[in-house]
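Notes to accompany the following structure.
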Amino acid sequence: MQSRSVLAALAFAGTLGMLVPAAGEAQTLRGSPSSVERMYRQARSHALPFYRTPGGVQAAAAEGELVRLSGNSNYRVAGVTYPYALATTRTFVQRLAEQYRDVCGEKLVVTSAMRPSSFRLFNSVDKSVHPAGMAVDIRIPARTRCRTWLRQRLLHLESRGVAEATEERRPPHFHVAVFPGPYRRYIGAGGGESKPAARKHEARTERPAPRSTYRVRSGDSLWSIARRHGTSVERLRAANNLTGTRVKPGQTLAIPAR
Ligand SMILES: [Zn+2]
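Numbering of the sequence shown is given in the working numbering, commencing with residue 42 and proceeding in unit increments.
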């Protein structure tokens, strides 16, 4: 386990903004060394301890530094040995699951949460943030519509700089690391649970409404298309999984609802 003072120094560096990814930097769910690095830097910048042993996890849970993911009417945990995470990560799961259930009519499934570093999987990376309680793995939905919604939702949250997500193949899952500080700011001052009214409102406004499509003509830019449809470049990119800002004539774009 890292010494707290070293991590506190790193936390200070984090407040200088050096460790926060630029908005819109990561617009893909493909894993990469830089994606792993971003998650790891976030854990360090928040001075999070990395738990090494099951005993350490139990002690942290007893002290309230980690909370239990118990499932609710919107999500369930399946085959998770250590169903513990940071409180912000649990809040993230609860909110995402509420929206997911709304859209898909089924529960979100969490397949991994805390993994003490002494229990590292053979294919996990050295800089995994599972031992810090930041990350959860989410089962990839079988239904296309639900899968697409979840992908777009995770991309959106990534573009807001509050989480980093990757789509993993073996076994198939979304790996999601939730950045505590940025996420707490994102859901409103005070952190933790949002007020029920605010949650309802968000679920309503952020649910993907029926969308129209637009065929790109020559001379169009993402900016002009966004302006004409009363949306933003950021939302257009998120809705279409675009990594850059270039569009080609003939390309069909999904237009997010206003
Ligand atoms: Zn993972």
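Yeah, the Cβ is synthetic: ideal placement off N, Cα and C, and Gly gets one too. Since the model is a prediction, treat every value here as computed from it, not as a measurement.
Taking all protein chains shown into account, decide if residue i is buried (16 or more other Cβ within 10 angstroms of its Cβ) or exposed.
| i | result |
| --- | --- |
| H104 | Before going further, note that residue 104 is Glu rather than His in the sequence given. E104 is exposed by the Cβ-count criterion. |
| P74 | exposed |
| S153 | buried |
| T129 | buried |
| A183 | exposed |
| W190 | buried |
Using only the alpha-carbon positions, how far apart do residue i and residue j sit?
| i | j | result |
| --- | --- | --- |
| A295 | Y255 | 6 Å |
| E275 | T94 | 41 Å |
| S158 | Q99 | 14 Å |
| P290 | T69 | 22 Å |
| S169 | G120 | 19 Å |
| D167 | Y81 | 10 Å |
| E147 | E199 | 23 Å |
| P251 | V144 | Because the pLDDT at P251 is just 45, under 50, the model does not fix this residue reliably, and the point stays unresolved. |
| V150 | C187 | 12 Å |
| F220 | M175 | 7 Å |
| P62 | R79 | Because the pLDDT at P62 is just 44, under 50, the model does not fix this residue reliably, and the value given afterwards should be weighed accordingly. Approximately 7 Å between the Cα atoms of the pair. |
For a cutoff of 8 Å on Cβ pairs, would you count residue i as touching chain B?
| i | result |
| --- | --- |
| A206 | Among the chains in the structure shown there is no chain B, since it carries only a single protein chain. |
Looking only at C-alpha atoms, which of the options sits nearest to residue i?
| i | options | result |
| --- | --- | --- |
| Y141 | R117, P157 and S153 | R117 |
| R226 | L110, T132 and M80 | T132 |
| H270 | A298, P290 and L283 | A298 |
| R136 | R268, R188 and S114 | S114 |
| E106 | G112, L89 and R258 | L89 |
| A101 | Y123, A84 and R85 | Y123 |
| P172 | T207, A126, E205 and R211 | A126 |
| V203 | P213, Q83, R71 and A267 | Q83 |
| S111 | A138, Y92 and R85 | A138 |
| S259 | I228, T293, S253 and S273 | T293 |
| E208 | I228, G222, G229 and I179 | I179 |
| I181 | V217, G229 and G285 | V217 |
Residue i by DSSP, collapsed to three states: which one?
| i | result |
| --- | --- |
| R186 | helix |
| E208 | strand |
| F133 | helix |
| R226 | helix |
| H214 | strand |
| A154 | coil |
| R79 | helix |
| R256 | strand |
Cβ contact check for the region 194–202 and the region 267–287: 3 or more pairs under 8 Å: The answer is yes - the region 267–287 touches the region 194–202, with three or more Cβ pairs under 8 Å.
By C-beta, the residues closer than 6 Å to any heavy atom of ligand 2, given in chain order: For the structure depicted, ligand 2 is absent and the ligand set comprises only ligand 1.
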